[in-house]
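Just so you know, we're using UniProt numbering here: the sequence shown kicks off at 1 and counts up by one.
Backbone N, C-alpha and C define an ideal beta-carbon position, used for all residues, glycine too.
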Amino acid sequence: MLDHRYGGNSATIKDSEIVYVKDGGCDLSEYINLEIKDKIVLFEPSKKCSLFEGSFALEKLGASAVLISTPKSAIKPSFARVRIVDWKEGDPLMNIPVLSLTFSTFKTLLAGINNGARVDLVTNTEIKVVTTSNVICEGRAGNPNNTIVIGSHLDSVAFGPGMNDNASGSAATLEIFLQISKMSRKKTLNNRLVFIWFGSEEDGLLGSRHFVRELQKSSSPHESHVRLEQIALNLNFDMIASPNYIPMIHNGSDAPSSARCGSIVVQRMFEKYFKKVADRKYKITDMVAGSDFVPFMNAGIPTGGILTGASEIKNEEERILYGGIANAQLDPCYHKDCDTINNVNEEALGLMSKGAMYTISNFAQIKDLRNQLAKCS
Ligand SMILES: [Zn+2]
1 MLDHRYGGNS ATIKDSEIVY VKDGGCDLSE YINLEIKDKI VLFEPSKKCS LFEGSFALEK
61 LGASAVLIST PKSAIKPSFA RVRIVDWKEG DPLMNIPVLS LTFSTFKTLL AGINNGARVD
121 LVTNTEIKVV TTSNVICEGR AGNPNNTIVI GSHLDSVAFG PGMNDNASGS AATLEIFLQI
181 SKMSRKKTLN NRLVFIWFGS EEDGLLGSRH FVRELQKSSS PHESHVRLEQ IALNLNFDMI
241 ASPNYIPMIH NGSDAPSSAR CGSIVVQRMF EKYFKKVADR KYKITDMVAG SDFVPFMNAG
301 IPTGGILTGA SEIKNEEERI LYGGIANAQL DPCYHKDCDT INNVNEEALG LMSKGAMYTI
361 SNFAQIKDLR NQLAKCS
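Okay, here's the thing in structure tokens:
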């Protein structure tokens, strides 16, 4: 009956009561009397806290398992993993099962609570702590106080080879790195470029979070010579070759106020590429979660990126604007084992890689980069 997945160690729970808690388990002060202990708890995500925080608080109150509803519009359970957002070695991990449900299963269980429904829950999971790495390549040319970090994640989900997500972005940034290295022997770069291939993005942006967190602890030695205050800008490339693609640019206005103006400038640079160079229609999309730009953005560093879409469905209007197939997913193999080399749209890869190159080389040449990033009105 349960749709899947994530969480804790294996468990077999038989004939258990279910309890519903509101606010995603973020404020449990009024729930002690509900006797959460040894019961399966059901909740919907809340903006007040992360899925991990809610679930962890419920585990501490003695819940035997946590079931989380996905949004009504999601066709399958969307919380593939409860992202342990700021997790680092030594931090707590959950032991109880935490699973994601479709909205319809959630509704069925919710209705069942009033009728005294009881649930059997069997999970087969294991928590393991493994080592992962970032690959960092620091340019020698250009002003280090105007550092541009170019990021793409090198890992894939465990279920598939991850050719669109994210060999596409990683390969593009590698080629750009090679091309710019050749160019910069002849031409001087005004700003320092640092290329990073992040590890473990799919497990909760662990590589990029670690990188930024280490820079924030300025007293301790870290893996890079870069200092946080030297980073003027971060550009992120994650999924740039989706089979049924839409050229998309992250919305700079979504960035918190500390990083907003520069992020709008980044967005405009990508727009300029699509308008003036590629002559292609593009879509502005949210920049709120989901890839390695997040830790930079939250640290007040302007950021942005381009992407071609995941499991969202292209509508008829979008087909007319961008081509491709209507009523089909932008990437039907998103996070699946069919994300092989056959899942890479070479036309998209060419279009988007050139956009990446255009933006990186333009920002690398701007002499007063910080001033330009402050001009967004
Ligand atoms: Zn990705």
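Is the CB-CB distance between residue i and residue j below 7 Å?
i	j	result
residue 324	residue 244	yes
residue 99	residue 42	no
residue 121	residue 63	no
residue 306	residue 363	no
residue 141	residue 189	yes
residue 349	residue 168	yes
residue 376	residue 301	no
residue 19	residue 32	no
residue 365	residue 304	no
residue 381	residue 312	Nothing about residue 381 can be reported from this structure: the residues present for the chain run from 1 to 377 only.
residue 378	residue 195	Residue 378 is absent from the model: the chain starts at 1 and stops at 377.
residue 165	residue 239	yes
residue 320	residue 163	no
residue 59	residue 94	yes
residue 101	residue 69	yes
residue 309	residue 253	no
residue 112	residue 155	no
residue 277	residue 358	yes
residue 343	residue 333	yes
residue 172	residue 353	yes
Does DSSP put residue i in a helix, a strand or coil?
i	result
residue 294	helix
residue 285	strand
residue 215	helix
residue 193	strand
residue 342	helix
residue 13	strand
residue 137	strand
residue 61	coil
residue 236	strand
residue 242	coil
residue 358	helix
residue 28	coil
residue 1	Note that residue 1 has pLDDT 34, beneath the 50 cutoff, so the model's placement of it is unreliable and the number below is only indicative. Note: residue 1 maps to coil in three-state DSSP.
residue 21	coil
residue 248	strand
residue 348	helix
residue 69	strand
residue 75	coil
residue 328	strand
residue 264	helix
residue 108	helix
residue 41	strand
residue 100	strand
residue 379	Shown here, the chain extends from 1 to 377; a query on residue 379 therefore has no answer.
Report back the beta-carbon spacing between residue i and residue j to the nearest angstrom; my notes put them in contact at under 8 Å.
i	j	result
residue 147	residue 185	Residue 147 to residue 185, Cβ: 20 Å. No contact.
residue 97	residue 123	4 Å
residue 119	residue 40	6 Å
residue 224	residue 138	7 Å
residue 202	residue 157	5 Å
residue 299	residue 228	7 Å
Excluding the 5 residues flanking residue i on each side, which residues of the same chain have their C-beta closer than 8 Å to its C-beta?
i	result
residue 48	23, 24, 26, 27
residue 360	148, 150, 176, 180, 193, 235
residue 336	159, 160
residue 387	It is not possible to answer for residue 387, since the shown part of the chain is limited to 1 through 377.
residue 126	9, 10
residue 61	28, 31, 32, 36, 37
residue 182	none
Looking only at its chain, what residues have a beta carbon closer than 6 Å to the beta carbon of residue i, apart from the 5 residues adjacent to it on each side?
i	result
residue 297	255, 259, 303
residue 236	151, 291, 292, 293, 305
residue 369	146, 191, 232
residue 11	97, 123
residue 44	69
residue 1	Only weak support is given to the placement of residue 1: the predicted model assigns it a pLDDT of 34, under 50, and the value that follows is read from those uncertain coordinates. Hits under 6 Å: none found.
residue 230	144, 145, 147
residue 5	In this prediction, residue 5 scores a pLDDT of 40, lower than 50, which makes its location untrustworthy; the coordinate-derived value is nonetheless stated afterwards. Around residue 5: no qualifying Cβ.
residue 373	262, 265, 302
Looking only at its chain, what residues have a beta carbon closer than 7 Å to the beta carbon of residue i, apart from the 5 residues adjacent to it on each side?
i	result
residue 251	267, 284, 285, 286, 287
residue 280	247, 274, 351
residue 57	25, 28
residue 143	190, 191, 192
residue 174	none
residue 72	103
Counting contacts by CB-CB distance shorter than 7 Å, is residue i in contact with chain B?
i	result
residue 18	The structure shown contains no chain B; it is built from a single protein chain.
Contiguous beta strand (DSSP E) assignments of at least 3 residues, all confined to the region 114–191: 119–123, 135–138, 143–153
Please give the ranges of any beta strand (DSSP E) in the region 297–327, keeping only runs that are unbroken, at least 3 residues long and fully inside the region. 303–307
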